[in-house]
Every structure is written in structure tokens, then in C-alpha cells.
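Structure first, then comments.
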Amino acid sequence: MSTTTTKPPGASQEDLSRLEEHWGEPPSLRAWFSTVDHKKIGRRYIVTAGLFFVFAGISALLMRTQLATPESGILSPQEYNQLFTMHGTSMIFLFATPMFFGLGNFLVPLMIGSRDMAFPRLNAFGYWVFLFAGLFMWVSVPFGEAPNAGWFNYAPLTNLTFEPGLAIDVYNLGLLFLGISTTAGAINFIVTALKLRAPGMSLNRVPLFVWAIVATSFMVVFALPALNLDNLLLFLDRRFDTHFFDPSAGGNVLLWQHLFWIFGHPDVYIIVMPGLGIVSSVLPAFARRGVVAYPLVVLAIVSISILSFGVWVHHMFATGLPQLSYSFFSAASTIITIPSGIQFFAWLATMALGRLVIKVPLLFLIGFLFTFLIGGLTGAMFAVTAFDQQVTDSYFVVAHFHYVLLGGAVFPMLAGLYYWLPKVTGRMYHEGLGRWAFWLVLAGMQLTFFPMHLYGLFGMPRRVYTYRGDLGWDVGNLIATVGAYVLAAGLLLVLIGVVHAIRRGRPAPSDPWGGDTLEWTTTSPPESYNFPVLPQVHSLHPTWDERTAESIGAGATQDRILSEGRRTLFTSELDARYERAVEMAESTLIPFVLACWLLLFFISMLFSWWLVAGFAAVAVVVTMGVWLWPSRRPAEKTG
Amino acid sequence: MVESGLLSVSMEPTAHTNPSANRRRTRPRPVAAALLSLCLLAGCAGDSPSALNPGGTGATRISGLWWLLFWIAVAVFVEVMALMTWALVFRRGSVRVRHSQPMRFVAVAGAGLPFIILVTVYGFGLRDLAALGKSPGRDAPTIEVIGHRWWWEVRYQGASGATANELHIPVGERVRVRLRTDDVLHSFWVPQLMPKMDLIAGEERQTWLEAQRAGSYRGQCAEYCGTQHAHMAFMVVAESRADFDAWVARLDAPARAPQTDAERRGQQAFVQGTCAACHSIRGTGAQGKVGPDLSNVGSRWSIGAGAVPNDPGHLGGWIANSQTVKPGNYMPPQPVNADQLPDLIAYLRSLK
Amino acid sequence: MTDRGGIVAAATGAEALSTEEPVGRSTGWWGMVLFVATESTFFACLLGSYYYLRFQVGPQWPPDGIGNPELTRPLVMTGLLLFSSVPLFWGVRGIRYGRRWRLRAGLVATMVLVVTFLTVQGTEYVDDLKILTPTTDVYGSLYYLITGFHSLHVLGGLAFVAWLFAASLVNSFDPQHYDRVRNAGIFWVFLDVVWVAVLFTIYLSPRL
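Residue numbers (our numbering), protein chains in the order written: chain A, 22 to 660; chain B, -13 to 338; chain C, 582 to 789.
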């Protein structure tokens, strides 16, 4: 086990009180709206994303209840169609990515040994926009105007002719609104990881979770514009009579699909990649060694994020495009499975060469390996065009992507939840409750989604609100519904476990697992300034490294304590050489105000209140001007 | 049976994750899993339009491809799970271990072997893609299918009339199917005969069907198309060439004339009432173009594109208020008198 | 590893290639570059959609009755926009040496050129709208969206520069603190590059 915590603290009591003075925030209503602390923002992201997960999960339970028996009348088709659309849209956009962004927000600065994100105010702004955009979309549900054309919202079903209400505009505007948050968050992660790493943390010592978050962020930066453009074009078609998706005036409905999937396929990896990063970060603590073949795993992460932009047409294998393009995209989709294979075998080798400690986080990793493997194997099948044409848009594909997304995102998320819960809350969870939750989640997951493979092959299309009883799909559907309730019970138990830990859990030590990354060198939960002394990194596993312990203990120097202001360090992009100490932004209400103006803008766009929208746009520009206004520098300071 | 193999492996890690338990105890026999999957495969596949029970050349090819992919997947799955299980059983402990870096193992097992497998699979995939892409000969029978929300209009080359939600094809012949849509995207899918082909607004697509044995093959729209996407099914009937020719000939001829008084009154009600505004019946004054042509509605396999069986009770219910049967469809409730309804039913049932 | 000696080995060896000379780029610089990267991707998708729709429509492009777009004014606009970068960069270089008046003069000159650009764009729209509107057909939709969206960015750039000018009046910038000014330079390169792509796509490519 690591022994770093036995060292005496390197920062003096005086330093600590000064740090607390600069970074600490006494609780108040204003502080609640104005905080820029990445840990608080990260926690909020996690809680809010969890809330949307509950909404989307309840939608799923309602749908499964409707489908439990043939020709059941629990939901009307209109209700069912809104539910499945909101389920998919929320799980993808309002749960998976924000949940990982929340974890990333909390963990990235801690893992790289920094005191905050690169742009703390932008971070707060991103959270408020995410919250408002999510509410903007969900408020449509009680009004019966929720999006109802599926999460990929294909034209021309979404043209004004077929969808005259506000439902599709809620989708277009909601995702454009949310896109601001996601883009801001992604840029923030990249810059943070480039500039704020602890001295000595050269690129070959960056934790794999951080690599994964950065790769994800790069995908967001280059993929999200395609979705934004798509939504803009559709909004213009619907509100201003343009003809982008109108075949009668030269438009083309497949343009929607191309743009959507140019975003949509990278988005699959945007969702899964941070999950894989969590696996690589949690495993070392429970295999008692570092992940095998770190360079290959990094290479795999980078190559997935590049290749993911070249496979989008495999979502369109049934649209009748030329065969030549199919053979190209089939090849690309086949190749992209290889980097995943590398990661998979790196984890297996890590387990085989390590010493396994079976605790709840490792159980969820095993659940991940099992589930994600099945999803990956069926995924490789979808690269085979002819087979894809048979099973796409059937329940087989529903089974496949739930194995990928629950396997690749939710299981790692839960592993990470149990793993970092002590760090986030300062409390240990109850191991027995955690094990029960694991077995219920695993069993529920398999029970729900495995039968879907079968009745998909038996010919059941997806997105049907009911089906006839004489087609042999009823038994599978009933099992899936039972499974869904088991899964929900498991997830409920996870929630109970978290509440129990916060209320009753025993206090957590700094490093309960013997983890290898920097967050375990600081207290649980971390102080407002994260690290009393910013560590010096000498290897890939700093917490297992005596030299790092020395650097924050006896070897601490003032240029890494930085207690005379709200300060952290800039280091060079590649080798993380010490560059300079920088002053970080203080808490402020401006991000919240800006997000409010944006909310007003999008609401008025929705209801076509053009004057209000114009006013809000001006307010946005003015607020940004105030936000970024440079502090005045007297002339004598020059030179 | 094959699924039982898959599931039984899935049970293995469960035996070893309780640290207090005896590590080498025997694994639980996955009887339940085997029973479950047997039931799923045997009990449910029977009447399904199952892609694994193909009746046509296209689907047969793909089912072959599926079994190849399936067995490869099973092999990979077993191998990986065996390795993981081995680690879980034999590699317990809590001491930190030396950092050996078997890069070569990761590269070979994670990239090299998959590459070889994937290239092979890709080759088979291309072969089948090319085979499916071959269009039928120039004088193959041609059927035109037009997607509507939420039914299928079907027209035959050489027949003036149209029908709905039912295609007849000659057994053993490759039939060309031209696909267009009147509104949004749909997808033409007969799992037992041929994989999907989408119907794209503003464009025409083409696919083909070839049944190897006579029978009825259910198809269904597979691209979400709005409220009643669930009820947009159709039936492909594969029959002898002679039956097929007779079918096309009937589509070219006027509908069967009413024989009884009830049928005659029904026809009158149909032509003079609101029905004719949307529906047409060949050889009568009813020439509406909004809804399906009803010239042979009495012989169809279902009402409402798979919504309900085609019998007098359901037909009456449909005419009176189809919104209770298929909510959201474009046919408004009909103000039909109680005494007119039996006549209408009698007439429509007689149209075969 | 080889043990060949010599300059080439010294310059290309593992040690030389793996040792980084810190250049001290700030987080603001990186943030701006990434923002511009994502915006450029948006324009790339937009122009890609133009070509996609164009080739789906067929050989007749612009569609019937609409001639090729006029070329004189766009070329003038190209000159104006590209030339507007010159005083901006001159001003940015000025503040690096602490010359605030040079920064202010450069910003004003840039604003004048950009306002002229937008005015010419406006007169072009007035003439175009007589024969083509965004609702005429997909060509009209694309034409106005692409040029309009670029102009919106130019307008944003104008606001940015005006804001910098206001800040410079209260002595906000000096050789150690001019990140925001430098970021305007990055944004201007983006505006120029996108405009050249728009010029080629909208005004030149139909003539090819």
C-alpha cells in the first residue's frame, strides 16, 4: 500500500490559512450562484445529470410497461413516441456526456495536480447552460409538446408539414442551447490538460482518464458543429421557409442524415471514451499495478477519436447509397474495432498480471468487460453492410447499443461512482449494499437487453408502440420488461447506497484504495485549494512514487505552494515544464447572468418573440463584454 | 441451443466474485440460462417473420453470414471470458506487483488477431453485399411500392389497378421492387426474404425479392415514420407463376360486381357517401385517391396495414371509428347509419 | 537506437525531438484557437452541405432563371476584409512594444474597413433580393445562409474590435497583458480564411 500520507505536510499552517482565505467560500445564497469551484460545479453536473437520468429512466420503464404485453393500451402512440424520443435524447445529451463532464470537472484538476480548471468562470457558465437547456427540453413534456421524432429526428418527418407544433423546435433549439455548454466544457478540458498539469507531468505521464477526457473533448470540438448546423438548417426550414430538406425545391432529406451522423458516430465515442478512461483509471487500484501497455492504450484512444469521423455512413447502410461508398465505410467501421481490441486486451493483461482485490468498483469493471464485450462483438457485425441492412432499425440494434452504452458508459460510471465517492464526499460506502446493487444491475441489464437481440432477429422493428401477439415477440418482450424493473431496482439501490454513505458512511481516509493518481495524495474531500502544495511528478503513477510524496512533504517549495493569492501553475504543453504562477478567476455572478440571457433568447426564439430575442442577443453581447473586460492597468506598471 | 452456450459463459464470473466463498467451488450449472434461451429460440421463433428462418435467397445469404459472425463472436467471447475468469480465480491478493509490460501480447491479441478475423469477415461481407446488389434482369416482373403514412400502395407493371399492404410474387423468380414515398421516410423490410431498403423522399430506390418456397412473408416499415409507425405492416405472398399471373390480371379488371341486395346497397352507400372521397374501387364511381384502393379489400390479410384481422367485426369497427383501432391515422370516424353499416360490410367483404 | 554521430542525429535523435522548448502560450491563446477550430468546422460543414446539395441538384447550377452571382462587389469585399487585417496586426505588434496609440489607430482603421465591407454586403443583398430570396429555392437558402452567417461573424468581429478599442482607451493593455488583442488577431485570420472559402464556393465555383 502507498505510504505517502505518513509524510508531514510541506506547507506551513500560515500557508494553509492564507490558501483558505483566497480559495475558500463561506456558504451563502450568493456563493451558491456565483461559485467557480470546479469541485462544486462537478458535483452539480453529476447531480443534475443524475436527475435527467431518472427522468429518462422513468420514460424507459413506462415504455417497457407498455411493451410487456402485446397490444397493450397503457400509453397512446403519441405518448409513447414522445417518451422514446425524450428517453434517447436525454440519455445521450443530458445524461451521458454531462455526467462524464461532471466527473471530469471534479477529477481532471485533481488528477493533474492543479487548483482549478483553466477557465473557472466558463466552467460555471457551462453548468448553468446545461441545466437551463435540460429544463428547456423537459418542460415541454407536461405541455404535451415534447420532441417526438426519435433522437435522430430525421427529415422530412420533422418538416413543418408533418410536425406542425413546437415539439421539433424544442429539439432544435434545446440542442443548440446545450451545444454551447458542451463546446465550452470541451475547450476548457483541453486547455486545462494542456497548460495546468503539475510540473513534471509530461504527456507520457498523463493519467488515462485525462487522456480520454481530452480525446473526447477534441471529438466534441470537431463533431458538434455538424449537429449544430443540422439543427440550424432545420430550424430555418421550419420558421423561415428555406428549403434545405425540401426535395421539391432542390433540398435533400439525406443531408440531415449525413450531418447528423458525422456528429452522431463520433458522439458514440464521446459517450463511451470517458467510460473507457474510467476503467483504465480504476483498474490499477484493484489490480495493484499500472495498466499494461500504456503507450498502446493512449495510441488507441487517439486513433479512435480520429477514425470515428470516418465511419458515419454505417448508420445509413439501408438508405441505398452507392455500393462503393458502402464498401469503404464498411472497411473503416471494421478497422475502428481494433483500437478497442487493444484496450480490451490491455485491461485483461493488467488483470492477469496483477493482484486482484475484489471490491464493488472492480465488480462493476467486470460487469463492464462482460457487457461491453457483447456490445462490441455485435458492433463489429454492424460493420458488415449486408448484415447491417438486415438488422438495423430492428430490436437487434436496440440491444446492441444498450450493451455498448450501458456497458461502455454506465458500468464504468458506476465503478467510478463507488471508487471516487470517498474522494467526493469524504465518506465510505457500504460494501454489502454496493454488491447487491451490482448483482441487480448486472442481472437486470442482461435480462432486459439480451432478449432484444433475439426478437430483433425475429423481425421486430424498433420504435413501435405496440405489436401483435401472434408474431412470437411476446415472451422476449415480457422478459425484457421484468429485467427493466430489476435494473431499476439495482439503480435505486445504488442511489440508496450513495445517500447512506453521505449520511452514515464512516469517514474516508485520503487514499482508501491505494490508487495511483494524484487525487489520492490530497484529503477526502479535498480542501477548496485542492493541494496545499502542488506536487512534482516523476512517473506515471505519482501516488505510488516516493519522489512525489517528497515533493509535497519535506521537499515542498514556495513556488509550488503559491499561497499569496488565488494561484495555480502554468506548465508547458508537452513536457509540463514549470512556466509561471497565474492568478485564477474569483467567484462571480456573471456566468449565471449570461446563461439567463441565453435562456431568454432561446425561449423567445421558440415562441417567435423576435423583439425579445433581439434584446436578449444584445444583452448576451453586453454581458460578455462586461465579463471579459480587462482589469485596468495603470501606466506606471508598464514595462 | 446456441444461445445457451453464450449464456452459460456469462454465468461463470458470478461464482468467483464473493471473496469469502470457497474459491475453487464448482460452478453453478447454468440450467436456468439454457432453459431460458431454449424457450426463447424454440418457443418464440415459430410464427415470427424471423430473419433466421429465411424463405428467400437474399435472407438466406444473410442468415449464413449471421451464423458465421455468431460463431466467431462466441469464440472471441469464450476466449476473453476464460482469460478474465482465470485472472479472477488465480490472481487474488493485495500486494503491489512489478510493472511488467507485455506490449507484444496486447498488440497481437488486441490488434493482430482481430485484424486477421476482421479482414476475413469483411471479405465475406463484400461478397454478400455484391450479391444482394445485383439487380434483377430487364424483363423481371416489376412492382411499384409507394409508402404512405401508414400504409403501402402497391402497383404492378401491366395492371392498371392498385392494391394495398399486400404483394404477390411468383416463387423462384427475382422480382424488382421500385420504392417511392409519398411523404416521409419509410423502410421496406421483409426479414425472411430481403434486408431493408429505405424509401427516400424525393428519390427512387430499388430492391428485389426472390422467394424460394411458397408462403406468406410478413414485412413491416422499419424507419420511424410518425404516430402509427407500429401499424405499417404488409404481407408478401409467394405463389405459383399461374396464380401470380391471375392475380395481376385481376388487378387490371374491374372489381367484382355486387351480387346480393345487401351488397348493392352497400355499393351505393360507398359510392354516394363519404367513402368515395378518399377511396377508389375499380369500375365504380368511387375514385378517391387519398386512402388505399379497396377493389380487393375483402381478400386482404388484414385491416389497417396489420392493425387488426380482416373480419366483419373488425371491418365494421374500423369504418365506424378507426381512431380507436389505429389512433392518429388519417381516416376520420364515419357518420354511417346503423342500418347502412351491415350493407357496407357485406359489400366490402365481397370484394375479393 | 543507432550510434551514428553527427548533426543530423543530434537534431533528429530521440532526445532532440522529445525535448520541448516552452513557448509560454497562455490559456487564452489556446482557448481562442480551439474556439476558432470549432467555428471553422461549422463553416466546413456548411460549405460541404452546399457542395452536397449542388451535386444532388444536377448540372444546372444555380437553378433555372438565376444567373451566376455578380463578381465585382465580392472581389472588392475580399480586398476590404483581407486588407482590414493589416492595421489590426500592425496595432497588435504596436502594443507588444507598449505603443498604445498605435493599437488604437490600428483598431480604428480596421473598424472603418469592416464597416465598409458590411455596407457593400448590404448593397449587394438589396440588389440580389430583387431576383432571389432565401425562400426561392435551395440555392437561395444556401446563398443567404452562407454569406449571412459569415457577415454575422464579421459583425461579431466588429463588436470585438470596438470593445478592444474602448478598453484600450482606459489603458487596459500593455506588453505583458494583450492576450485579448492577440485573440482578435486569431479571429481575424479565421474571418479571412472563411471568407476566401466562401468567395470560392459561392461566387467562383458556379463559374467553373
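Glycine included, C-beta positions come from ideal geometry on N, C-alpha and C.
In this text the structure is predicted, and so the values were computed from the model without any measurement.
Any Cβ of chain A within less than 8 Å of the Cβ of residue i?
i: Ile155 (chain B); result: no
i: Gln214 (chain B); result: yes
i: Cys211 (chain B); result: yes
i: Gly586 (chain C); result: Here Gly586 (chain C) scores only 48 on pLDDT, less than 50, and its place in the model is too uncertain to base an answer on.
i: Pro715 (chain C); result: yes
i: Arg335 (chain B); result: no
i: Tyr108 (chain B); result: yes
i: Ser173 (chain B); result: yes
Give me the residue from the options with the minimum Cα distance to residue i.
i: Ile292 (chain A); options: A:Leu383, A:Phe114, A:Trp159; result: A:Phe114
i: Leu723 (chain C); options: C:Lys711, C:Trp682, C:Leu688, C:Tyr631; result: C:Tyr631
i: Leu115 (chain B); options: B:Trp138, B:Arg141, B:Arg47, B:Val94; result: B:Arg47
i: Phe122 (chain A); options: A:Met294, A:Ile95, A:Ile523; result: A:Met294
i: Phe76 (chain A); options: A:Ser93, A:Gln87, A:Tyr66, A:Leu104; result: A:Leu104
i: Ser38 (chain A); options: A:Phe622, A:Thr609, A:Thr543, A:Ser549; result: A:Ser549
i: Leu185 (chain B); options: A:Met107, A:Phe157, A:Leu342; result: A:Leu342
i: Phe432 (chain A); options: A:Val381, A:Gly453, A:Tyr416; result: A:Val381
i: Asp532 (chain A); options: A:Pro547, A:Val313, A:Val462, A:Leu649; result: A:Pro547
i: Ser370 (chain A); options: B:Ser308, B:Thr270, B:Pro88, B:Ser336; result: The identity of residue 370 (chain A) in the sequence shown is Ala, whereas the question assumes Ser. Of B:Ser308, B:Thr270, B:Pro88, B:Ser336, the residue nearest in Cα terms is B:Pro88.
i: Ala150 (chain B); options: B:Val157, B:Trp136, B:Val161, B:Glu159; result: B:Trp136
i: Leu627 (chain A); options: A:Lys60, A:Gly94, A:Gly125, A:Ser161; result: A:Ser161
i: Ser135 (chain A); options: A:Ala597, A:Thr644, A:Gly94; result: A:Ala597
i: Ala690 (chain C); options: C:His731, C:Phe746, C:Ile783, C:His758; result: C:Phe746
i: Gly679 (chain C); options: C:Tyr784, C:Tyr759, C:Ile783; result: C:Tyr759
i: Leu178 (chain A); options: A:Asp267, A:Leu152, A:Leu194; result: A:Asp267
Mind reading off the beta-carbon distance from residue i to residue j? Whole number of angstroms is fine, and I expect it under 8 Å.
i: Ser202 (chain A); j: Ala154 (chain A); result: 6 Å
i: Leu143 (chain A); j: Ala205 (chain A); result: 5 Å
i: Leu153 (chain B); j: Gly44 (chain B); result: Not confirmed; about 15 Å, so no contact.
i: Ala637 (chain A); j: Ser629 (chain A); result: Their Cβ separation, rounded to whole angstroms, is 13 Å, which puts Ala637 (chain A) and Ser629 (chain A) out of contact at 8 Å.
i: Arg226 (chain A); j: Val558 (chain A); result: 6 Å
i: Arg16 (chain A); j: Val405 (chain A); result: The question about residue 16 (chain A) has no answer here: the residues shown for chain A are numbered 22 through 660.
i: Phe385 (chain A); j: Ala339 (chain A); result: About 35 Å separates the two Cβ atoms, so there is no contact after all.
i: Phe230 (chain B); j: Ile155 (chain B); result: 7 Å
i: Tyr203 (chain B); j: Pro35 (chain B); result: 7 Å
i: Leu514 (chain A); j: Ala606 (chain A); result: At roughly 40 Å, the Cβ-Cβ gap does not stay under 8 Å, so Leu514 (chain A) and Ala606 (chain A) are not in contact.
i: Phe261 (chain A); j: Pro644 (chain C); result: With a Cβ gap of about 19 Å, Phe261 (chain A) and Pro644 (chain C) do not count as contacting.
i: Glu600 (chain A); j: Gly605 (chain C); result: 6 Å
Does any CB atom of chain B fall closer than 8 Å to the CB of residue i?
i: Asn102 (chain A); result: yes
i: Gly480 (chain A); result: yes
i: Leu374 (chain A); result: yes
i: Ser80 (chain A); result: no
i: Thr110 (chain A); result: no
What in chain F is Cβ-close to residue i, meaning under 8 Å?
i: Glu604 (chain A); result: No chain F appears in this structure, whose protein chains are A, B and C.
Is the shortest distance between the beta-carbon of residue i and the beta-carbons of chain C less than 8 Å?
i: Phe140 (chain A); result: yes
i: Ala249 (chain A); result: Rather than Ala, the amino acid found at residue 249 (chain A) in this sequence is Asn. By this cut-off, Asn249 (chain A) is an interface position.
i: Ala370 (chain A); result: no
* To do: Please list the residues of the stretch 193 to 226 of chain A that have a C-beta atom closer than 7 Å to any C-beta atom in chain C, keeping them in chain order.
  => Thr204, Ile208, Ile211, Val212, Leu215, Lys216
* Asked: Three or more C-beta pairs closer than 8 Å, one from the stretch 45 to 60 of chain B and one from the stretch 102 to 111 of chain B: is that the case here?
  -> yes
* Determine contact between the stretch 284 to 291 of chain B and the stretch 215 to 224 of chain B, defined as no fewer than three beta-carbon pairs at a distance below 8 Å. => yes
* At a cut of 8 Å, does the stretch 338 to 353 of chain A reach the stretch 301 to 317 of chain A through at least three beta carbon pairs? -> no
* Asked: Using 8 Å as the threshold, is the stretch 387 to 403 of chain A in touch with the stretch 314 to 332 of chain A, meaning 3 or more CB pairs across them?
  -> no
* Asked: In the stretch 629 to 653 of chain C, which residues sit with their C-beta less than 8 Å from some C-beta in chain A, listed in chain order?
  -> Ser630, Tyr633, Leu634, Gln637, Val638, Pro644
* Output, in sequence order along the chain, the residues in the stretch 667 to 690 of chain C whose CB is closer than 7 Å to any CB in chain A. => Gly679
* Chain-ordered residues of the stretch 154 to 187 of chain A with a beta carbon less than 7 Å from chain C -> none
* Under 7 Å (Cβ pairs) to chain A, residues found in the stretch 181 to 198 of chain B -> Pro181, Lys182, Met183, Asp184, Ile186, Ala187, Gly188, Arg191
* Anything in the stretch 400 to 431 of chain A with a Cβ closer than 9 Å to a Cβ of chain B? List those residues in chain order, please. => Ala401, Met402, Ala404, Val405, Thr406, Ala407, Phe408, Asp409, Gln410, Gln411, Val412, Thr413, Asp414, Ser415, Phe417
* Residues from the stretch 372 to 398 of chain A in contact with chain B, defined by Cβ distance under 8 Å -> Met372, Ala373, Leu374, Gly375, Arg376, Leu377, Val378, Ile379, Leu384, Ile387, Leu390, Phe391, Leu394, Ile395, Leu398
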